[in-house]
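According to the working numbering, the sequence shown holds residues 9 to 154 in order.
Built from N, CA and C at the ideal position, the CB exists for glycine as well.
See below for the structure under consideration.
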Amino acid sequence: MTQIAQPANSNALAPIETKKRSRLRRLGCGLILALWFLLLLTPCALFYLAANGEIRLYHADIPQPHSHPLLLISLINEMDNRGLQFLRSTTVGEFDDTAVCVETAVNYLLWESSSGNQDVTYCDCYTRADAASAWTLIETHLSPCA
Numbered sequence: 009m010t011q012i013a014q015p016a017n018s019n020a021l022a023p024i025e026t027k028k029r030s031r032l033r034r035l036g037c038g039l040i041l042a043l044w045f046l047l048l049l050t051p052c053a054l055f056y057l058a059a060n061g062e063i064r065l066y067h068a069d070i071p072q073p074h075s076h077p078l079l080l081i082s083l084i085n086e087m088d089n090r091g092l093q094f095l096r097s098t099t100v101g102e103f104d105d106t107a108v109c110v111e112t113a114v115n116y117l118l119w120e121s122s123s124g125n126q127d128v129t130y131c132d133c134y135t136r137a138d139a140a141s142a143w144t145l146i147e148t149h150l151s152p153c154a
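And the structure:
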């Protein structure tokens with residue numbers, strides 16, 4: 009029988025102690041991984057925008073959700089203006105069953121423009137008699153909701 013030679017250094021066979029990673033370090037790695045996947049999905053979103061002309065996310069319970077999307081990114085490809093339009097809307101103040109005001113902000117990222125800053129914020133206020141009836145526009149302000 010042959011014997012297996014033991015190493016001269018007895019610490020070589022000692023178990024390796026591993027440090028437990030901190031939660032902050034794991035959270036940081038997870039955040040970096042999420043940002044990396046977001047960066048990898050960016051070309052897909054740009055192809056979708058080029059093919060459809062817009063990316064639209066809707067609110068659930070506001071009047072005229074098509075006119076007041078949660079987020080709208082649309083491609084502008086006109087003779088004098090080229091770029092992107094970002095439209096965001098939020099409800100302002102107390103949201104109840106009979107009255108609501110919706111503030112809409114429109115911002116532009118233009119790489120070719122015939123004029124200066126075109127960003128705008130406006131406020132639409134709606135009312136209705138009860139929860140079952142339709143919303144009626146009562147006023148529009150060309151400024152943020154107060």
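So residue i is in the alpha helix (DSSP H); what residue range does that whole segment cover?
i     : result
LEU32 : 31-60
Start and end of the beta strand (DSSP E) containing residue i?
i      : result
HIS149 : 144-149
ASP132 : 128-135
Going by beta carbon distance, what residues of the same chain come within less than 7 Å of residue i, once the five residues before and after it are set aside?
i     : result
PHE45 : none
TYR56 : ILE63
LEU65 : PRO77, LEU78 and LEU79
Around the C-beta of residue i, are 16 or more other C-beta atoms found within 10 angstroms, so that it is buried, or is it exposed?
i      : result
VAL108 : buried
ILE81  : buried
GLU111 : buried
ILE146 : exposed
ILE40  : exposed
Looking only at its chain, what residues have a beta carbon closer than 8 Å to the beta carbon of residue i, apart from the 5 residues adjacent to it on each side?
i      : result
THR144 : TYR134, THR135 and ARG136
THR106 : THR135, ARG136, ALA137, ASP138 and ALA139
GLY61  : SER82 and LEU83
Assuming residue i contacts residue j under a Cβ cut-off of 8 Å, what Cβ separation, rounded to an integer in Å, is found between them?
i      : j      : result
LEU83  : ALA58  : 7 Å
SER97  : THR129 : Actually they do not touch by this definition, with Cβ atoms about 10 Å apart.
ASP132 : ASN115 : At roughly 18 Å, the Cβ-Cβ gap does not stay under 8 Å, so ASP132 and ASN115 are not in contact.
VAL100 : CYS52  : Not quite, the Cβ-Cβ distance comes to about 34 Å (not below 8 Å), so this is no contact.
ASN89  : SER121 : 5 Å
Can you find the residues in the same chain that come closer than 6 Å, C-beta to C-beta, to residue i, ignoring five residues on each side of it along the sequence?
i      : result
PRO73  : TYR66 and HIS67
LEU117 : GLY91 and LEU92
PRO71  : TYR134 and TRP143
HIS149 : CYS131
Taking only runs of the beta strand (DSSP E) that begin and end inside the region 57-123, which ones reach a length of at least 3 residues, in chain order? 62-65, 79-85, 90-100 and 107-120
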